[in-house]
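One structure is given here, and the rest of the page talks about it.
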Amino acid sequence: MDINVRSGDTLWYYSNLFNVPLKLIIDSNPQVNPSALAIGQIIKIPGYQVSSYKIQANDTFWKIATERRIAVDSLALLNPTVNPRQLQIGQSVRIPVKVTYRVVDGNQAYDYQVLTGHLNELFEIYPFIRNETIGQSVMGKNLDELQIGRGSKIVHWNGSFHGNEWITTAVIMQFLNDYLLSLTNKESIRGLDVSPFYDQVTLSIVPMVDPDGVNLVLNGPPEGEFGQEALRINQGSTDFSGWKANIRGVDLNNQYPAKWDVEAARKPKEPAFRDFPGYQPLTEPEAIAMAELAGERLFEKMLAFHTQGEVIYWGYEGLEPPRAMTIVNEFGRVSGYEPIRYVDSYAGYKDWFIKVYRQPGFTVELGEGVNPLPLSQFDEIYQETIGIFLASMYM
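Just so you know, we're using full-length UniProt numbering here: the sequence shown kicks off at 1 and counts up by one.
Below you can see the structure in the form of C-alpha coordinates.
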(Lines of atoms letter the chains of each structure in order from A and count residues from 1; the text may use other names and numbers.)
(Lines give C-alpha, C1' and ligand atoms only; values in the text may rest on other atoms or scores of the structure.)
Protein backbone atom coordinates (compact mmCIF):
# COMPACT_ATOMS: atom_id res chain seq x y z
CA MET A 1 0.00 0.00 0.00
CA ASP A 2 1.38 3.39 -1.01
CA ILE A 3 0.87 6.54 1.04
CA ASN A 4 2.13 10.12 0.67
CA VAL A 5 4.16 11.77 3.42
CA ARG A 6 2.57 14.74 5.18
CA SER A 7 4.22 17.44 7.24
CA GLY A 8 5.45 15.96 10.52
CA ASP A 9 5.05 12.30 9.51
CA THR A 10 7.72 9.73 10.42
CA LEU A 11 8.18 6.06 9.66
CA TRP A 12 7.83 5.41 13.38
CA TYR A 13 4.42 7.10 13.30
CA TYR A 14 3.36 4.91 10.36
CA SER A 15 4.53 1.83 12.24
CA ASN A 16 2.23 2.67 15.15
CA LEU A 17 -0.62 3.88 12.96
CA PHE A 18 -0.77 0.67 10.94
CA ASN A 19 0.60 -1.69 13.61
CA VAL A 20 3.41 -2.93 11.37
CA PRO A 21 6.98 -3.49 12.65
CA LEU A 22 9.16 -0.49 11.87
CA LYS A 23 11.93 -2.67 10.44
CA LEU A 24 9.53 -4.00 7.79
CA ILE A 25 8.56 -0.48 6.75
CA ILE A 26 12.21 0.57 6.56
CA ASP A 27 13.11 -2.49 4.49
CA SER A 28 10.11 -1.89 2.21
CA ASN A 29 11.53 1.53 1.36
CA PRO A 30 15.27 0.98 0.82
CA GLN A 31 15.72 4.25 -1.11
CA VAL A 32 14.15 6.35 1.66
CA ASN A 33 16.14 8.17 4.35
CA PRO A 34 13.99 7.62 7.48
CA SER A 35 15.33 10.78 9.10
CA ALA A 36 14.67 13.02 6.10
CA LEU A 37 11.17 12.34 4.77
CA ALA A 38 9.92 14.83 2.21
CA ILE A 39 6.32 16.01 1.98
CA GLY A 40 4.61 14.15 -0.85
CA GLN A 41 7.18 11.35 -0.88
CA ILE A 42 5.66 7.90 -1.52
CA ILE A 43 6.08 5.34 1.26
CA LYS A 44 5.19 1.66 0.95
CA ILE A 45 3.38 0.09 3.92
CA PRO A 46 3.79 -3.71 3.89
CA GLY A 47 0.97 -6.08 4.74
CA TYR A 48 -1.77 -3.78 3.48
CA GLN A 49 -3.97 -3.35 0.44
CA VAL A 50 -6.37 -0.54 -0.42
CA SER A 51 -10.07 -0.96 -1.08
CA SER A 52 -12.67 1.53 -2.22
CA TYR A 53 -15.69 2.38 -0.09
CA LYS A 54 -18.75 4.47 -1.00
CA ILE A 55 -20.02 6.81 1.69
CA GLN A 56 -23.47 5.97 3.05
CA ALA A 57 -25.94 8.05 5.07
CA ASN A 58 -24.63 9.12 8.48
CA ASP A 59 -21.09 7.94 7.72
CA THR A 60 -18.17 9.71 9.34
CA PHE A 61 -14.48 8.87 9.31
CA TRP A 62 -14.84 8.00 12.99
CA LYS A 63 -17.74 5.61 12.30
CA ILE A 64 -15.94 3.94 9.38
CA ALA A 65 -12.72 3.60 11.39
CA THR A 66 -14.55 2.14 14.41
CA GLU A 67 -16.45 -0.43 12.33
CA ARG A 68 -13.30 -1.52 10.53
CA ARG A 69 -11.02 -1.32 13.56
CA ILE A 70 -8.57 1.02 11.92
CA ALA A 71 -7.13 4.36 12.98
CA VAL A 72 -9.08 7.46 11.94
CA ASP A 73 -5.88 9.12 10.76
CA SER A 74 -5.22 6.24 8.38
CA LEU A 75 -8.33 7.35 6.48
CA ALA A 76 -7.13 10.93 6.45
CA LEU A 77 -3.73 9.78 5.20
CA LEU A 78 -5.23 7.81 2.30
CA ASN A 79 -7.75 10.51 1.38
CA PRO A 80 -5.83 13.80 1.54
CA THR A 81 -8.29 15.64 -0.75
CA VAL A 82 -11.41 14.53 1.13
CA ASN A 83 -12.93 16.88 3.71
CA PRO A 84 -14.05 14.56 6.55
CA ARG A 85 -16.61 17.18 7.67
CA GLN A 86 -18.33 17.24 4.28
CA LEU A 87 -18.69 13.61 3.26
CA GLN A 88 -21.23 13.07 0.48
CA ILE A 89 -23.42 9.99 0.04
CA GLY A 90 -21.94 7.91 -2.80
CA GLN A 91 -18.55 9.58 -2.47
CA SER A 92 -15.68 7.11 -2.91
CA VAL A 93 -12.97 6.94 -0.27
CA ARG A 94 -9.91 4.72 0.08
CA ILE A 95 -9.80 2.24 2.98
CA PRO A 96 -6.63 0.51 4.26
CA VAL A 97 -7.13 -3.25 4.58
CA LYS A 98 -4.73 -5.37 6.61
CA VAL A 99 -3.91 -8.57 4.72
CA THR A 100 -4.67 -11.49 7.03
CA TYR A 101 -5.20 -14.20 4.42
CA ARG A 102 -2.96 -16.29 2.18
CA VAL A 103 -2.40 -15.15 -1.36
CA VAL A 104 -0.73 -18.48 -2.11
CA ASP A 105 -2.80 -21.63 -2.41
CA GLY A 106 -0.25 -24.36 -2.91
CA ASN A 107 -2.84 -27.09 -3.33
CA GLN A 108 -3.06 -26.86 -7.12
CA ALA A 109 -1.10 -27.81 -10.22
CA TYR A 110 1.80 -25.46 -9.53
CA ASP A 111 3.43 -24.52 -12.83
CA TYR A 112 5.64 -21.55 -13.69
CA GLN A 113 2.68 -19.31 -14.52
CA VAL A 114 1.06 -19.96 -11.13
CA LEU A 115 4.37 -19.27 -9.40
CA THR A 116 4.89 -16.01 -11.29
CA GLY A 117 1.39 -14.81 -10.46
CA HIS A 118 1.85 -15.54 -6.76
CA LEU A 119 5.26 -13.89 -6.68
CA ASN A 120 3.90 -10.70 -8.23
CA GLU A 121 1.13 -10.55 -5.64
CA LEU A 122 3.56 -11.15 -2.77
CA PHE A 123 5.96 -8.48 -4.05
CA GLU A 124 3.09 -5.99 -4.10
CA ILE A 125 1.90 -6.75 -0.55
CA TYR A 126 5.30 -7.39 1.04
CA PRO A 127 7.77 -4.99 -0.61
CA PHE A 128 10.49 -5.90 1.89
CA ILE A 129 11.01 -9.08 -0.16
CA ARG A 130 14.12 -8.65 -2.28
CA ASN A 131 14.06 -10.38 -5.65
CA GLU A 132 17.00 -11.17 -7.89
CA THR A 133 17.02 -13.04 -11.18
CA ILE A 134 19.98 -15.41 -10.86
CA GLY A 135 19.77 -16.82 -14.36
CA GLN A 136 17.41 -18.21 -16.94
CA SER A 137 16.25 -21.67 -17.88
CA VAL A 138 17.05 -23.24 -21.24
CA MET A 139 13.83 -21.73 -22.61
CA GLY A 140 14.48 -18.31 -21.11
CA LYS A 141 12.28 -18.38 -18.01
CA ASN A 142 13.64 -16.32 -15.13
CA LEU A 143 15.12 -18.18 -12.16
CA ASP A 144 14.07 -16.02 -9.22
CA GLU A 145 15.82 -15.89 -5.89
CA LEU A 146 13.87 -14.31 -3.05
CA GLN A 147 15.58 -12.84 0.00
CA ILE A 148 13.77 -12.09 3.25
CA GLY A 149 15.39 -10.84 6.45
CA ARG A 150 18.34 -8.89 7.81
CA GLY A 151 20.38 -11.59 9.48
CA SER A 152 23.98 -12.58 8.89
CA LYS A 153 22.94 -16.26 8.92
CA ILE A 154 21.97 -17.07 5.33
CA VAL A 155 19.66 -20.08 5.03
CA HIS A 156 18.79 -21.38 1.57
CA TRP A 157 15.76 -23.35 0.39
CA ASN A 158 15.10 -24.57 -3.14
CA GLY A 159 12.45 -26.66 -4.87
CA SER A 160 11.67 -28.35 -8.18
CA PHE A 161 15.16 -29.39 -9.17
CA HIS A 162 13.16 -32.14 -10.90
CA GLY A 163 10.17 -31.38 -13.11
CA ASN A 164 7.86 -34.04 -11.70
CA GLU A 165 8.59 -32.89 -8.13
CA TRP A 166 6.78 -29.56 -8.63
CA ILE A 167 4.80 -30.01 -5.42
CA THR A 168 7.94 -28.94 -3.53
CA THR A 169 7.58 -25.43 -5.00
CA ALA A 170 3.96 -25.29 -3.84
CA VAL A 171 4.97 -26.28 -0.29
CA ILE A 172 7.77 -23.69 -0.15
CA MET A 173 5.55 -20.90 -1.47
CA GLN A 174 2.70 -21.60 0.92
CA PHE A 175 5.02 -21.54 3.92
CA LEU A 176 6.69 -18.38 2.65
CA ASN A 177 3.25 -16.74 2.56
CA ASP A 178 2.52 -17.90 6.12
CA TYR A 179 5.87 -16.53 7.29
CA LEU A 180 5.18 -13.14 5.68
CA LEU A 181 1.72 -13.02 7.26
CA SER A 182 3.20 -13.79 10.66
CA LEU A 183 5.80 -11.03 10.31
CA THR A 184 3.36 -8.30 9.31
CA ASN A 185 0.58 -9.37 11.68
CA LYS A 186 2.91 -10.04 14.64
CA GLU A 187 1.66 -13.61 14.97
CA SER A 188 3.39 -16.87 15.86
CA ILE A 189 3.73 -20.08 13.89
CA ARG A 190 3.31 -23.21 15.98
CA GLY A 191 3.84 -21.13 19.09
CA LEU A 192 7.10 -19.63 17.84
CA ASP A 193 7.55 -15.87 17.63
CA VAL A 194 9.09 -15.55 14.16
CA SER A 195 9.95 -11.85 14.43
CA PRO A 196 13.48 -12.56 15.79
CA PHE A 197 14.15 -14.78 12.77
CA TYR A 198 13.88 -11.71 10.53
CA ASP A 199 16.76 -10.08 12.42
CA GLN A 200 18.88 -13.22 12.74
CA VAL A 201 18.37 -14.94 9.38
CA THR A 202 18.39 -13.97 5.73
CA LEU A 203 16.35 -16.48 3.78
CA SER A 204 17.50 -17.21 0.25
CA ILE A 205 14.79 -19.05 -1.69
CA VAL A 206 14.77 -20.37 -5.24
CA PRO A 207 11.28 -21.83 -5.40
CA MET A 208 11.53 -23.39 -8.87
CA VAL A 209 14.93 -24.47 -10.22
CA ASP A 210 13.55 -26.25 -13.31
CA PRO A 211 10.58 -24.24 -14.64
CA ASP A 212 10.79 -25.75 -18.14
CA GLY A 213 10.63 -29.27 -16.71
CA VAL A 214 7.74 -28.40 -14.39
CA ASN A 215 5.72 -26.94 -17.25
CA LEU A 216 6.50 -29.98 -19.41
CA VAL A 217 5.18 -32.36 -16.76
CA LEU A 218 2.05 -30.33 -16.03
CA ASN A 219 1.20 -28.84 -19.43
CA GLY A 220 2.77 -31.12 -22.02
CA PRO A 221 5.40 -30.30 -24.65
CA PRO A 222 5.75 -26.68 -25.80
CA GLU A 223 5.55 -25.76 -29.45
CA GLY A 224 8.78 -25.68 -31.41
CA GLU A 225 12.09 -27.49 -31.29
CA PHE A 226 12.25 -27.98 -27.53
CA GLY A 227 8.87 -29.68 -27.48
CA GLN A 228 9.72 -31.84 -30.45
CA GLU A 229 13.00 -32.94 -28.87
CA ALA A 230 11.28 -33.69 -25.56
CA LEU A 231 8.79 -35.90 -27.40
CA ARG A 232 11.64 -37.73 -29.10
CA ILE A 233 13.43 -38.28 -25.78
CA ASN A 234 10.13 -39.48 -24.31
CA GLN A 235 9.79 -42.01 -27.15
CA GLY A 236 6.83 -40.21 -28.63
CA SER A 237 4.69 -40.41 -25.51
CA THR A 238 2.75 -37.32 -24.46
CA ASP A 239 2.69 -38.59 -20.86
CA PHE A 240 5.51 -36.65 -19.20
CA SER A 241 4.60 -37.55 -15.61
CA GLY A 242 7.89 -39.41 -15.15
CA TRP A 243 10.03 -36.56 -16.48
CA LYS A 244 12.73 -35.51 -13.95
CA ALA A 245 15.06 -33.68 -16.32
CA ASN A 246 15.23 -30.18 -17.70
CA ILE A 247 13.78 -29.54 -21.17
CA ARG A 248 17.00 -30.84 -22.79
CA GLY A 249 16.84 -34.17 -20.98
CA VAL A 250 19.55 -33.45 -18.41
CA ASP A 251 18.94 -34.31 -14.76
CA LEU A 252 19.86 -31.09 -12.97
CA ASN A 253 20.52 -32.86 -9.68
CA ASN A 254 23.15 -35.05 -11.34
CA GLN A 255 25.07 -32.08 -12.75
CA TYR A 256 27.50 -31.26 -9.96
CA PRO A 257 31.21 -32.16 -9.68
CA ALA A 258 30.90 -34.35 -6.62
CA LYS A 259 31.77 -37.85 -7.87
CA TRP A 260 30.06 -36.92 -11.11
CA ASP A 261 32.17 -39.47 -12.96
CA VAL A 262 30.72 -42.25 -10.79
CA GLU A 263 27.20 -41.24 -11.77
CA ALA A 264 28.12 -40.75 -15.43
CA ALA A 265 29.48 -44.29 -15.61
CA ARG A 266 26.24 -45.89 -14.49
CA LYS A 267 23.58 -43.51 -15.76
CA PRO A 268 22.19 -42.89 -19.28
CA LYS A 269 24.77 -41.77 -21.82
CA GLU A 270 22.47 -39.41 -23.70
CA PRO A 271 19.53 -37.12 -22.89
CA ALA A 272 16.73 -38.98 -21.13
CA PHE A 273 13.57 -38.30 -19.17
CA ARG A 274 15.57 -38.90 -15.99
CA ASP A 275 19.07 -39.56 -14.60
CA PHE A 276 21.23 -38.34 -17.52
CA PRO A 277 23.97 -36.30 -15.80
CA GLY A 278 25.02 -34.41 -18.92
CA TYR A 279 28.11 -34.92 -21.04
CA GLN A 280 30.10 -33.14 -18.36
CA PRO A 281 29.35 -31.34 -15.08
CA LEU A 282 27.63 -27.96 -15.01
CA THR A 283 26.54 -27.71 -18.62
CA GLU A 284 22.97 -26.59 -17.96
CA PRO A 285 22.07 -22.95 -17.22
CA GLU A 286 19.84 -23.89 -14.30
CA ALA A 287 22.58 -25.91 -12.59
CA ILE A 288 25.17 -23.21 -13.28
CA ALA A 289 22.94 -20.51 -11.79
CA MET A 290 22.50 -22.50 -8.58
CA ALA A 291 26.24 -23.13 -8.28
CA GLU A 292 27.02 -19.46 -8.76
CA LEU A 293 24.38 -18.49 -6.21
CA ALA A 294 25.98 -20.69 -3.56
CA GLY A 295 29.32 -19.01 -4.22
CA GLU A 296 27.84 -15.53 -3.93
CA ARG A 297 25.66 -16.06 -0.86
CA LEU A 298 27.82 -18.51 1.15
CA PHE A 299 24.85 -20.22 2.77
CA GLU A 300 25.10 -21.12 6.46
CA LYS A 301 22.94 -24.13 5.62
CA MET A 302 21.16 -25.37 2.51
CA LEU A 303 17.93 -27.35 2.12
CA ALA A 304 16.97 -28.84 -1.25
CA PHE A 305 13.37 -30.09 -1.26
CA HIS A 306 12.56 -33.15 -3.36
CA THR A 307 10.01 -35.97 -3.39
CA GLN A 308 9.56 -38.68 -2.22
CA GLY A 309 10.38 -41.03 0.72
CA GLU A 310 9.95 -39.04 3.96
CA VAL A 311 13.71 -39.13 4.54
CA ILE A 312 16.42 -36.49 4.88
CA TYR A 313 19.85 -37.11 3.36
CA TRP A 314 22.54 -35.11 5.09
CA GLY A 315 26.04 -36.51 4.50
CA TYR A 316 28.68 -36.62 1.81
CA GLU A 317 31.97 -38.52 2.14
CA GLY A 318 32.39 -37.49 5.79
CA LEU A 319 32.83 -33.84 4.80
CA GLU A 320 29.64 -32.64 6.49
CA PRO A 321 30.35 -30.62 9.68
CA PRO A 322 29.53 -32.18 13.07
CA ARG A 323 26.64 -29.78 13.70
CA ALA A 324 24.83 -31.22 10.67
CA MET A 325 23.86 -34.23 12.80
CA THR A 326 22.31 -32.03 15.48
CA ILE A 327 20.37 -30.10 12.86
CA VAL A 328 19.07 -33.13 10.97
CA ASN A 329 17.97 -34.80 14.20
CA GLU A 330 15.85 -31.75 14.93
CA PHE A 331 14.45 -31.88 11.40
CA GLY A 332 13.54 -35.50 12.01
CA ARG A 333 11.94 -34.72 15.38
CA VAL A 334 9.65 -31.99 14.05
CA SER A 335 8.67 -33.80 10.83
CA GLY A 336 8.79 -37.53 11.58
CA TYR A 337 11.15 -37.98 8.62
CA GLU A 338 14.12 -40.35 8.90
CA PRO A 339 17.64 -38.87 8.73
CA ILE A 340 19.94 -40.88 6.43
CA ARG A 341 23.60 -39.94 6.37
CA TYR A 342 24.93 -41.68 3.28
CA VAL A 343 23.35 -43.08 0.15
CA ASP A 344 24.88 -44.52 -3.02
CA SER A 345 23.95 -41.51 -5.12
CA TYR A 346 26.19 -38.59 -5.99
CA ALA A 347 26.61 -35.45 -8.11
CA GLY A 348 23.65 -33.73 -6.47
CA TYR A 349 23.48 -30.12 -5.31
CA LYS A 350 23.60 -31.20 -1.67
CA ASP A 351 26.67 -33.36 -2.27
CA TRP A 352 28.53 -30.61 -4.09
CA PHE A 353 27.54 -27.97 -1.54
CA ILE A 354 28.93 -30.05 1.34
CA LYS A 355 32.07 -30.91 -0.61
CA VAL A 356 32.89 -27.32 -1.58
CA TYR A 357 31.67 -25.30 1.41
CA ARG A 358 31.79 -27.85 4.28
CA GLN A 359 28.49 -26.49 5.60
CA PRO A 360 25.33 -28.44 6.46
CA GLY A 361 23.41 -29.46 3.35
CA PHE A 362 20.20 -31.49 3.25
CA THR A 363 18.09 -33.22 0.64
CA VAL A 364 14.58 -33.38 2.11
CA GLU A 365 12.39 -35.98 0.41
CA LEU A 366 8.77 -34.97 1.00
CA GLY A 367 5.86 -37.40 1.02
CA GLU A 368 5.64 -41.01 -0.09
CA GLY A 369 4.55 -42.71 -3.27
CA VAL A 370 5.21 -42.31 -6.98
CA ASN A 371 6.21 -38.96 -8.47
CA PRO A 372 4.51 -36.70 -9.19
CA LEU A 373 2.84 -37.03 -5.82
CA PRO A 374 -0.92 -36.40 -5.92
CA LEU A 375 -2.35 -33.19 -4.49
CA SER A 376 -4.35 -35.33 -2.08
CA GLN A 377 -1.08 -35.50 -0.10
CA PHE A 378 -0.47 -31.77 -0.12
CA ASP A 379 -1.98 -30.83 3.23
CA GLU A 380 -0.24 -33.68 5.04
CA ILE A 381 3.11 -32.90 3.41
CA TYR A 382 2.72 -29.23 4.24
CA GLN A 383 2.05 -29.91 7.92
CA GLU A 384 5.07 -32.25 8.08
CA THR A 385 7.32 -29.65 6.48
CA ILE A 386 6.38 -26.57 8.55
CA GLY A 387 8.62 -27.73 11.40
CA ILE A 388 11.57 -28.21 9.04
CA PHE A 389 11.22 -24.67 7.66
CA LEU A 390 11.11 -23.25 11.18
CA ALA A 391 13.98 -25.40 12.47
CA SER A 392 16.18 -24.36 9.56
CA MET A 393 15.94 -20.82 10.92
CA TYR A 394 16.31 -21.45 14.67
CA MET A 395 18.97 -24.17 14.56
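C-beta: ideal position from N, C-alpha, C; glycine also. Quantities reported herein were computed from a predicted structural model and do not represent experimental measurements.
Residue i vs residue j beta-carbon contact at 7 Å
| i | j | result |
| --- | --- | --- |
| I148 | I129 | yes |
| E145 | V97 | no |
| V214 | S160 | yes |
| G348 | I354 | no |
| S204 | R333 | no |
| residue 429 | M208 | Outside the modelled stretch of the chain, which goes from 1 to 395, sits residue 429, for which no answer is possible. |
| M302 | H162 | no |
| F197 | M393 | yes |
| residue 411 | Y256 | Because the chain spans 1 through 395 in this model, residue 411 falls outside it and cannot be assessed. |
| K63 | G90 | no |
| L328 | I340 | Just to set this straight, residue 328 is Val in the shown sequence, not Leu. Cβ distance not < 7 Å, so V328 and I340 don't count as in contact. |
| A65 | Y110 | no |
| T363 | A304 | yes |
| G236 | Q174 | no |
| G151 | V103 | no |
| V262 | F240 | no |
| I388 | S335 | yes |
| I247 | F226 | yes |
| D212 | M139 | yes |
| L11 | P34 | yes |
| Y337 | E317 | no |
DSSP beta-bridge partners of residue i
| i | result |
| --- | --- |
| S92 | K54 |
| S28 | S28 is not bridged to any residue. |
| W157 | I205, L303 |
| S188 | D193 |
| K98 | Y48 |
| I148 | L203 |
| G372 | The displayed chain sequence assigns Pro, not Gly, to residue 372. DSSP lists no partner for P372. |
| T169 | None; T169 has no bridge partner. |
| N131 | L146 |
| Q136 | N142 |
Integer Cβ distance of residue i from residue j, believed to fall under 8 Å
| i | j | result |
| --- | --- | --- |
| N158 | G242 | Not confirmed; about 21 Å, so no contact. |
| I95 | R69 | At roughly 12 Å, the Cβ-Cβ gap does not stay under 8 Å, so I95 and R69 are not in contact. |
| F61 | A71 | Going by Cβ atoms, the distance from F61 to A71 rounds to 10 Å, so no, they are not a contact pair. |
| F331 | A391 | 6 Å |
| P321 | S195 | That belief does not hold up - the Cβ atoms of P321 and S195 are roughly 28 Å apart, past 8 Å. |
| G278 | E286 | Incorrect: roughly 11 Å between the Cβ atoms, too far for contact. |
Contacting residues, own chain, Cβ-Cβ under 8 Å from residue i (five flanking each side not counted)
| i | result |
| --- | --- |
| F276 | A245, G249, V250, D251, N254, K267, P268, K269, E270 |
| A38 | V5 |
| F299 | I154, V155, H156, S204, F353, Y357, Q359 |
| T100 | L181, N185 |
| L282 | Q255, Y256, P257, I288, A291 |
| T238 | G220, P221, L231 |
| L375 | N107, Q108, A109, I167 |
| T326 | M395 |
| G40 | N4, V5 |
| P84 | T60, F61, L75, A76 |
Neighbourhood of residue i by C-beta distance below 7 Å, restricted to the same chain and skipping five residues each side
| i | result |
| --- | --- |
| N79 | V93, R94 |
| Y14 | I25, I43, I45 |
| L373 | I167, T307, Q308, G367 |
| Y342 | G315 |
| V82 | V93 |
| D59 | L87 |
| S74 | L17, F18, P96 |
| L192 | L390 |
| K141 | Y112, P211, D212 |
| Y48 | M1, F18, P96, V97, K98, V99 |
| D9 | L37 |
| D199 | R150, G151 |
Neighbourhood of residue i by C-beta distance below 6 Å, restricted to the same chain and skipping five residues each side
| i | result |
| --- | --- |
| S52 | S92 |
| G369 | Q308 |
| G224 | none |
| E132 | E145 |
| I189 | S182 |
| F378 | N107 |
| I125 | V99 |
| K350 | A304, G361, T363 |
| E121 | V103 |
| L143 | I134, G135, A289 |
Heavy atom of the ligand FAD within 6 Å of residue i beta-carbon
| i | result |
| --- | --- |
| M393 | Absence of the ligand FAD from the depicted structure is noted, as is the absence of any ligand whatsoever, leaving it without description. |
Exercise. In chain order, which alpha helix (DSSP H) runs of at least 4 residues are fully inside the stretch 194-238?
Worked result: 195-200, 211-219, 225-233
Exercise. Which ranges does the alpha helix (DSSP H) cover as unbroken runs of at least 4 residues, wholly within the stretch 251-324, from first to last along the chain?
Worked result: 260-266, 285-297
Problem set entry | Those runs of the beta strand (DSSP E) which lie wholly inside the UniProt domain "LysM" (1-45) and span at least 3 residues | 2-4, 42-44
Problem set entry | Start-end ranges of the beta strand (DSSP E) lying completely within the stretch 323-374, minimum 3 residues | 338-340, 361-366
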